[in-house]
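Residues 9 to 237 (my numbering) make up the sequence shown, in order.
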Amino acid sequence: MRVDADDGWIEFLYKPIGTGLAQLAKRAPQEVVSLLGPIGNGFSPDATRPVILAIAGGVGIPPVYFLAEALRAQRHFEPIVLMGSEVPFPFALGARAAPVTELPDTASLTVAQLEEWGIVSALASNAGLEGCYPGHVTQLARRWLDTLPAERLVNVQIVGCGPHAMLRAAAEVARDFDLPCQLAVEEFMACGVGGCAGCIVPLHKPEGVVMKRVCVDGPVFDSRELYPA
Ligand code: FES
């Protein structure tokens with residue numbers, strides 16, 4: 009979720025689902041664990057489209073948070089981060105410092121840290137969470153895109169990470185607005201180094217369907233190849 013190479017720390021956000029993560033959750037502060045990584049690719053934003061609509065759902069939130077912090081350092085891009093969750097968000101939320109007219113009034117809360125960094129953020133939830141747009145995060149994305157004039161829309165690209173249904177919906181949004189879109193796929197991984205082929209996804213290329221490993225060939229793929237029309 010976050011990294012500071014100078015200070016030498018990394019931060020993970022995870023849900024303790026399954027035996028591996030349940031074991032990890034039992035570790036005490038200062039305990040040493042071994043780690044292999046980083047592996048695979050990352051988001052590669054298109055420099056010609058400086059407005060990045062970053063859509064995150066559930067456990068897909070950390071990579072998008074990470075990207076937003078990295079983009080902040082680059083200064084070239086203007087990210088807007090939309091997050092969806094059906095359980096309370098696991099970090100501090102806060103009020104928006106200045107109104108963003110393109111966002112619905114119901115999405116009044118922001119991620120406090122992103123707001124402090126000057127990054128626009130908004131939240132969505134179907135669980136009736138206060139200050140969150142009542143609906144899917146991809147519906148909120150659509151609402152935001154609908155407000156943009158054509159001359160701003162051509163500067164937008166989409167990135168996303170979350171459950172498959174959310175990714176599919178994000179790909180549809182990208183297709184409807186004719187925007188490039190990169191999606192980070194979640195998949196169960198046995199080896200994590202490309203050896204077991206347990207994490208493959210079909211990609212729809214012009215030459216036909218090819219199978220790719222999420223762990224080393226991904227996790228980021230073009231939305232049109234993941235979810236063709
Ligand atoms: S997890 Fe083994 S190939 Fe990806």
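Glycine is no exception: its CB is placed at the ideal position from the N, C-alpha and C atoms.
**Message:** If I measure Cβ to Cβ from I265 and keep anything under 6 Å in the same chain, skipping five residues before and after, which residues do I get?
**Reply:** This structure cannot speak to residue 265, because the chain is shown only from 9 to 237.
**Asked** How many angstroms separate the CA atom of F97 from the CA atom of K34?
**Response** 22 Å
**Message:** Rounded to the nearest angstrom, what separates P142 and D113 at their Cα positions?
**Reply:** 11 Å
**Asked** CB of C189 to nearest heavy atom of ligand 1: below 8 Å?
**Response** no
**Asked** What's the gap between the Cα of D186 and the Cα of D15?
**Response** 41 Å
**Item:** Contact test: L219 Cβ vs ligand 1 heavy atom, cutoff 8 Å
**Value:** It is worth fixing the name first, because residue 219 is Met in this sequence and not Leu. No, since every heavy atom of ligand 1 falls outside the 8 Å radius drawn around the Cβ of M219.
**Message:** Measuring only from the beta carbon, is V224 closer than 8 Å to any heavy atom that is part of ligand 1?
**Reply:** yes
**Prompt:** Which whole runs of the beta strand (DSSP E) in the region 11 to 91 are 3 residues long or more, in chain order?
**Reply:** 17 to 19, 59 to 65
**Item:** Touching by the beta-carbon criterion (3+ pairs, under 8 Å), the region 100 to 118 and the region 188 to 198
**Value:** no
**Item:** Same chain only: Cβ atoms within 8 Å of R160, ignoring 5 sequence neighbours per side
**Value:** V59
**Prompt:** Quick one: what's F229 bridged to in DSSP?
**Reply:** L191
**Request:** List the residues that DSSP assigns as beta-bridge partners of T5.
**Result:** With the chain covering only 9 through 237, there is no way to say anything about residue 5.
**Endpoints, the beta strand (DSSP E) within which V167 is located** = 164 to 169
**Asked** Does the separation of the CB atoms of H212 and P227 fall below 9 Å?
**Response** no
**Prompt:** Between which two residues does the beta strand (DSSP E) carrying L131 extend?
**Reply:** 128 to 133
**Asked** Under a Cβ-count criterion, where at least 16 other Cβ atoms within 10 Å of its own Cβ denotes burial, should Y73 be classed as buried or exposed?
**Response** buried
**Request:** Just the C-alpha distance for D225 and G206, rounded to the nearest angstrom, thanks.
**Result:** 13 Å
**Prompt:** Is there at least one non-hydrogen atom of ligand 1 closer than 8 Å to the beta-carbon of A158?
**Reply:** no
**Item:** Sequence-distant residues of the same chain with beta carbon closer than 7 Å to Q71, five excluded per side
**Value:** The sequence shown places Pro at residue 71, rather than the Gln named in the question. Cβ within range, chain order: C169, A192.
**Request:** Measure from the alpha carbon of V40 to the alpha carbon of each residue in G203, W17, F196, A130, then state which is nearest.
**Result:** W17
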